[in-house]
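Chains as they are written, first to last, in the numbering used here: chain F, 2 to 477; chain E, 2 to 477.
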């Protein structure tokens, strides 16, 4: 099961005594071959045993190397519960990929074995048609719960909560709770058992009951006597960054989530928030590198991979051609001082590098809350100071190279001064654009790069060629 | 306190009833001004109260806007315990920055209030001289514990474990444990109370005791009767990626860590691993953008920021100049067909974009365990197929632009063919270089970018100008 809803689950004794631990497993050379054989053989027990013997990443690797037909065989040969367990060890994107190989009844049987929040996540990653069909195939109440969660996006409390929590009416007695716990020992293993949540007759949250308090309580007392009253809670609409903030400030394992009327909807666990935070950081990296519109795995269909990447590239090439237009304007100068052509790509690349550094620092400070999107001037001043130093250094270096190579001091002057000023431009734009984008609701990770390159290229070409035109007689 | 060692800490009733929750706080306009005033006023209680009223990110923001003198006042005006608490809400880099403003005794008093693993983290972020001094100022036993932890790097179990766990000898009785729990209710709040860890006479780990098992046990029995025997454990040397794998596969809150003799050293919590995973993803992003050798905050000294960034830029400019050298070789051709100069930066930038996409996908698949560093051929084939499609599309586009603009079909042919082939080169290098770097122990996030740009630039310039030279008579 995944980190985001079972983190408080009592240790599972079977897996506890299972040896060797995955951390100790020597990875098989080609685990997918054995996996394929076992699936074809249709031996459910042997298959489950083999899958359990693999570490999470070997499970992911093995499945990624099998075709859709085998995906289907593996998932349908295993008991639905184990298949659900397997899917939960995979990245969401790979899990969705596998489920797409299944028939609606097969998929529904497996989805049925998942906790509500993961059902919503998985269905959200499937294509709408299949997701709708699977929902139809689920028990009414279950489908309703999933629809409710699916109504929230992944980055608000409502989309991260688990409904599988222990709830009691405030009037329940300690004895009743303990009795219930021992009777349902098996079942409540799948629940968050560190705390129970107490509600009033209107299902409004009134208290939190740390299970351990039961150890020291009188059995006939109502649990309300040993609960923590007026507990902290968050609204279902609380966004991810506030949740991250909340768990940075408080050391709770989870926080109860209530709706507008204060009704208890479920609990968001710290691990669910950590998990989303990691995903956000990973996707910032992917987006900054031009992987937009969802993750790419090389096991995806070729056309999908090519199309996604191309959509990003085609925007960039248009911007690029626009920027290069500046060169065309100065063709005559360039024709007379051909040496300049050598330095145009250098100016363009180096300004890109300087600007990207500023982008990275701004995005980092935004995510740490160390700068506010409105503080453009502050950031600009901080960047310009760095730009002056680094621009001077880089400009001097490239000037020296030009002089040594071309023997004309004025060429050095032109390219050096151009790189100096363009570095200032690059860090200024790189530092402030992420704030600007964030402020107006765009994603800095996606848009900062192309904006930066385009402006710095245009500006860089203009500086080099404009200066050269002004000093043309000295350069020829 | 931080997520990585207190995640199983019982809910702290004081903060539970504290209102409003940070998630609800309306951020102050300039919290640092009030913070500065309160520090200058030296009113400890008011200061603590105000700090507690701020969300974690507002605390970080406010402190980042105060100078070193005020950092000192804030941290020394508060009781050491609250100062420690405050530091633990900050990013490690900011915490270290603050502590550097303190005298050794002041710093030691605060460090003394932190759990052992965080002491090690913090001291690791300070400059060696100060860290050594602070260690000297700590109680002998405490210093020894920190040194032990500091001996491990942050990315192995030994560097992530907490020593503050409940340990009992296997012969202890249920009654004795329960008595101990109720007597030390206060103290054990600071310990991991979901599980106790049982050792033999040689301090070797023999079992794990879920606290809830105490609810249903006979008081006179030894805890060994209700423990989970032969529990899973990891070695102190287990690396981070295996720990991530372990917690993906198992749904434990933590795993006991043993040394070579099987002696129990402590417990690594899931949250400590999640936290390191997030940091790894964030630092991949920073490194890929050219922020190397540690994070940068704009509150750091100007020279440090400029120097760090410049060290990265200077490597890149050298590589850049080398690549641009190819252009110099073909100056005569360029002089005759000046239009080519417009397309050189386009070819260079677009190849960079295509290559970066391949880099991102490779790094993602490596981190998900979906590809092994040895599988270069597999990755190359997957990339070439995408490169053929996107290269053709981009090549065609740029060719059309060239023809429309210049009217010479052969110019379009040259730049189109060049971009087509260079896209193939870019995705091939971008896809395989991360595997190669990883395989030989280098950091793909740092080195992939510069390697990629250099090779694709050289190759791109060579293709354009080489082809042009070959077809020179058609182009003039």
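No residue lacks a Cβ here, since even glycine has one placed at the ideal position from N, Cα and C.
- Think of a sphere of 9 Å around the beta carbon of residue 212 of chain E: the chain F residues whose beta carbon falls inside it are 212, 213, 216, in chain order.
- In this structure, residue 253 of chain F sits away from residue 274 of chain F, with a CB-CB distance that is not shorter than 7 Å.
- For residue 95 of chain E, the secondary structure class from DSSP, reduced to helix, strand or coil, is helix.
- Under the three-state reduction of DSSP output, residue 204 of chain F falls in the coil class, being neither helix nor strand.
- Only 347, 349, 350, 351, 354, 355, 357, 358, 360, 361, 362, 365, 366 from the segment 347-368 of chain E bring a Cβ to less than 7 Å from some Cβ of chain F.
- Counting C-beta atoms within 10 angstroms of its own C-beta, residue 400 of chain E has 16 or more neighbours from the protein chains shown and is therefore classed as buried.
- Residue 284 of chain E and residue 98 of chain E have their alpha carbons spaced roughly 19 Å apart.
- Of all residues in the segment 310-322 of chain E, the ones placed with a Cβ closer than 8 Å to any Cβ belonging to chain F are 310, 311, 313, 314, 315, 317, 318, 321, 322, in chain order.
- Per DSSP, reduced to three states, the secondary structure at residue 414 of chain E is helical.
- Under the three-state reduction of DSSP output, residue 408 of chain F falls in the coil class, being neither helix nor strand.
- For residue 135 of chain E, the enclosing alpha helix (DSSP H) starts and ends at 129-138.
- Here residue 87 of chain E carries a helix assignment [DSSP, helix/strand/coil].
- Following the DSSP letters along the chain, one finds residue 345 of chain F inside the alpha helix (DSSP H) bounded by residues 341-369.
- Between residue 103 of chain E and the set E:135, E:125, E:91, the nearest pair of CA atoms involves E:135.
- Rounded to the nearest angstrom, the gap between the Cα atoms of residue 333 of chain F and residue 403 of chain F is 20 Å.
- If you look at residue 319 of chain E, you'll find it in the alpha helix (DSSP H) that goes 303-330.
- Three or more Cβ pairs drawn from the segment 350-359 of chain E and the segment 448-463 of chain E lie within less than 8 Å of each other, which places the two stretches in contact.
- In the three-state DSSP reduction, residue 46 of chain F falls in the helix class (H, G or I).
- Straight across, the Cα-Cα distance linking residue 422 of chain E with residue 398 of chain E is about 14 Å.
- Residue burial is scored here from C-beta neighbours: residue 272 of chain F has at least 16 other C-beta atoms within 10 angstroms and is therefore classed as buried.
- Only those residues of the segment 85-98 of chain F whose C-beta falls short of 7 Å from the nearest C-beta of chain E are listed: 90, 92.
- When DSSP states are grouped into helix, strand and coil, residue 122 of chain F belongs to the helix group.
- For the segment 281-303 of chain E, the residues whose beta carbon sits under 8 Å from a beta carbon of chain F are, in order, 282, 283, 285, 286, 287, 289, 290, 291, 292, 296, 297, 298, 299, 300, 303.
- Using a Cβ distance threshold of 7 Å, residue 329 of chain F and residue 343 of chain E count as a contacting pair.
- Sixteen is the threshold: since fewer than 16 other Cβ atoms of the shown chains lie within 10 Å of the Cβ of residue 154 of chain F, the residue is exposed.
- Rounded to whole angstroms, the gap between the alpha carbons of residue 336 of chain F and residue 460 of chain E is 23 Å.
- Counting only runs of 4 or more residues that sit fully inside the segment 393-471 of chain F, the alpha helix (DSSP H) segments are 410-440, 445-471, in chain order.
- Judged by DSSP in its simplified three-state form, residue 155 of chain F adopts coil rather than helix or strand.
- Chain F has a Cβ within less than 7 Å of the Cβ of residue 383 of chain E.
- From the beta-carbon of residue 339 of chain F, the residues of chain E found nearer than 9 Å are 332, 333, 335, 336, 339, 342.
- The Cβ of residue 183 of chain E sits closer than 7 Å to at least one Cβ of chain F.
- The C-beta of residue 50 of chain E has fewer than 16 other C-beta atoms within 10 Å across all chains shown, which makes the residue exposed.
- Residue 69 of chain F: member of the alpha helix (DSSP H) spanning 69-78, first to last residue.
- Residue-level contact check: residue 390 of chain E touches chain F, since one or more beta carbons of chain F fall below 7 Å from its beta carbon.
- Out of F:435, F:412, F:111, F:124, the CA that lies nearest to the CA of residue 372 of chain F is found in F:435.
- Inter-segment contact for the segment 303-323 of chain F and the segment 311-320 of chain E is absent: fewer than three beta-carbon pairs are separated by less than 8 Å.
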